[in-house]
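Quick notes on the structure that follows.
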Amino acid sequence: MTTTSNQMWGGRFAAGPDAIMEAINASIGFDKRLAAQDIAGSRAHAAMLAAQGIISDSDAEAIREGLLTVLSEIEGGRFEFSTALEDIHMNVEARLKDIIGAPAGRLHTARSRNDQVATDFRLWVRDQLDAADAGLQALICALLDQAEAGADWVMPGFTHLQTAQPVTWGHHMMAYVEMFGRDLSRMRDARARMNECPLGAAALAGTSFPIDRHATAAALGFDRPGANSLDAVSDRDFALEFLAAASICAMHLSRFAEELVIWSSAQFRFVTLSDRFSTGSSIMPQKKNPDAAELIRAKVGRIMGANVALMMVMKGLPLAYSKDMQEDKEQVFDAADTLMLALAAMEGMVRDMTANRDRLAAAAGSGFSTATDLADWLVRVLGLPFRDAHHVTGSLVALAEGKGCDLPDLSLADMQSVHAGITEDVFGVLGVENSVNSRMSYGGTAPAQVRAQIARWKERMA
Ligand code: ARG
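In this note's numbering, each residue carries its 1-based index in the sequence shown increased by 297.
As structure tokens, then:
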């Protein structure tokens with residue numbers, strides 16, 4: 298089947314594309330999401346062309362006004378996207394021609410779709426970096442509120458998901474603040490590095506017209522124009538950096554989500570998730586499921602998958618532009634939508650959840666969680682080498698286990714049967730409150746240390 302040749306580049310073509318060619322070639326189905334960025338870029342370009350005397354002021358004015366009309370049609374859902382016109386760039390330009398006529402043909406002077414799409418996509422990703430920044434800040438603030446409320450609530454700390462040592466709720470919340478804080482700084486680093494404008498690189502080599510790339514860069518909020526035209530049109534590092542930062546962030550979200558799934562189970566009951574962020578079962582009336590947490594736990598696969606997919610698109614591509622690069626967008630769109638939703642859902646869950654303080658405290662004291670405190674006491678008070686103290690404590694744990702009790706429930710006589718030097722004083726270090734209060738090392742779990750962590754972060758977030 299042949300159709301009429303393309304109105305934008307059909308000059309050297311006698312026939313239009315096969316339907317299958319059109320289907321594989323067109324990107325309008327997804328790149329219409331770049332409409333606002335495309336129009337902003339074109340408006341900046343037209344203004345610059347006029348300022349440089351490359352097109353007339355009246356043509357530039359008609360172009361800039363006409364583009365606003367196109368934008369309002371798109372935003373109002375009144376725009377008819379055409380697959381024959383391939384992509385957002387040609388759809389917008391063709392409609393501009395319908396609206397303003399001949400001057401529309403001057404817009405594409407001194408540029409190419411290669412620098413155009415690179416500019417549009419950079420602007421779009423920059424917005425996503427800002428959205429992730431805002432989402433992370435909101436989540437960090439929710440965690441800070443939880444940490445502040447429970448700075449001294451004791452809970453078990455785990456290694457290997459086995460009871461290790463008591464920690465505080467605030468300490469656990471603040472661990473995630475550190476993680477999401479690094480995500481925030483990764484988003485900011487990426488934004489600072491990516492904020493260079495490709496526009497004016499044209500197809501690959503720059504242009505013979507006397508354009509002002511600094512002017513368009515400034516008009517679009519970039520720090521500077523990209524320094525090498527070949528690199529400017531062929532670089533997608535900014536998208537890869539966003540996906541890499543998003544993947545790490547999603548991995549953090551999935552770790553926290555997993556903890557919430559465990560903590561909200563009937564066996565743990567460390568937290569109660571709100572009805573607003575839970576679902577029921579259609580068959581088991583007693584069920585309240587942590588679906589939001591489970592979905593957040595799963596999303597990392599999609600986001601990391603996008604990162605891998607784009608890396609595979611880019612690997613081995615010769616300079617400069619290749620059509621492969623049209624495959625950059627869908628992955629990034631999906632990953633960005635997924636990340637923003639996951640961040641918002643996590644923030645909502647954290648804001649709404651209730652820590653079950655009594656359950657946390659009871660669990661904190663079980664599982665011989667203060668065995669290290671006992672060993673430390675043997676070192677500090679009796680002067681035992683730590684290795685010997687470790688051994689004595691191990692024997693005491695075995696003794697308590699045999700009796701079916703916890704360490705503080707052993708009698709002094711029991712204790713002395715393992716090491717004769719032990720005195721009544723030892724019972725002072727076996728309580729969980731004492732255990733956490735004693736961990737005053739910088740960054741440790743003592744409430745005073747946790748409050749210092751919270752204060753540092755509040756200052757950073759102010
Ligand atoms: N739709 C294309 C993309 O997304 C725009 C650039 C087309 N450039 C070209 N030389 N065919 O990459």
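By construction, the Cβ of each residue, glycine as well, lies at the ideal position given by its N, Cα and C atoms.
query: Beta-carbon proximity list for Ile336, same chain, < 6 Å, skipping 5 on both sides; result: Leu364, Leu368
query: beta-carbon Met737 near the ligand ARG non-hydrogen atom, thresh 7 Å; result: no
query: Endpoints, alpha helix (DSSP H) assigned at Ala524; result: Premise fails: Ala524 is in no alpha helix (DSSP H) and is neither H nor E.
query: Closer than 7 Å: Asn303 CB and nearest the ligand ARG heavy atom; result: no
query: Alpha carbon of Glu591 to alpha carbon of Met646, nearest angstrom; result: 12 Å
query: Among Arg361, Ala333, Ala323, the one whose alpha carbon lies nearest that of Arg340; result: Arg361
query: For Glu493: DSSP bridge partner residues; result: Arg521
query: Cys702, buried or exposed, once every other Cβ within 10 Å from all chains shown has been counted against 16; result: exposed
query: Straight-line gap, Arg748 to Gly740 (C-alpha atoms, nearest Å); result: 10 Å
query: Check: Arg410 C-beta below 7 Å from any heavy atom of the ligand ARG; result: yes
query: Pair within 8 Å by beta-carbon distance, Phe553 and Tyr618; result: no
query: Sequence-distant residues of the same chain with beta carbon closer than 6 Å to Ala660, five excluded per side; result: Pro453
query: Option in Thr569, Ala332, Lys596 with minimal Cα separation from Lys584; result: Thr569
query: Cα-Cα separation between Leu346 and Val530, rounded to whole angstroms; result: 20 Å
query: Separation of Gly307 from Ala348, as counted between CA atoms; result: 31 Å
query: Own chain residues within Cβ distance below 7 Å of Trp560, not counting five before or after; result: Phe567, Val568
query: Val414: CB within 7 Å of a non-hydrogen atom of the ligand ARG; result: yes
query: Buried versus exposed call for Phe477 [16 or more other C-beta atoms within 10 Å across all chains shown]; result: buried
query: Burial state of Thr635 (16 or more Cβ within 10 Å); result: buried
query: Neighbourhood of Glu277 by C-beta, 6 Å cutoff - its chain only, sequence neighbours within 5 removed; result: There is no way to answer for residue 277, as the model of the chain reaches only from 298 to 759.
query: The region 669-678 touching the region 720-736, judged by at least three CB pairs closer than 8 Å; result: yes
query: Gly454 - containing alpha helix (DSSP H), residue span; result: Note, Gly454: premise wrong, no alpha helix (DSSP H); beta strand (DSSP E) at 451-456.
query: Cβ pair count under 8 Å reaching 3, the region 410-423 against the region 319-334; result: yes
query: Proximity of Asp430 and Leu481 at Cβ, strictly below 8 Å; result: yes
query: Element boundaries [beta strand (DSSP E), containing Thr465]; result: 459-465
query: Proximity test, Asp328 beta-carbon vs the ligand ARG heavy atom, cut-off 7 Å; result: yes
query: Alpha-carbon to alpha-carbon, Ala543 and Leu458; result: 26 Å
query: Any non-hydrogen atom of the ligand ARG within 7 Å of Asp384 CB; result: yes
query: Whether Pro463 touches Ser666 by CB criterion (8 Å); result: yes
query: Cut-off 6 Å between Cβ atoms - residues of its own chain near Met601, not counting five sequence neighbours on either side; result: Ser544
query: Local conformation of Thr569 per DSSP, three classes; result: strand
query: Whole-Å CB distance - Ile325 paired with Phe378, under 8 Å assumed; result: 5 Å
query: 3-residue-minimum beta strand (DSSP E) runs that sit fully inside the region 359-408, ordered along the chain; result: none
query: For Glu445, the first and last residue of its enclosing alpha helix (DSSP H); result: 410-446
query: Assigned exposure category for Gln750 - 16 Cβ within 10 Å defines buried; result: buried
query: Cutoff 6 Å; reference Ser409; Cβ partners in own chain excluding five residues on either side; result: Ala499, Ala500
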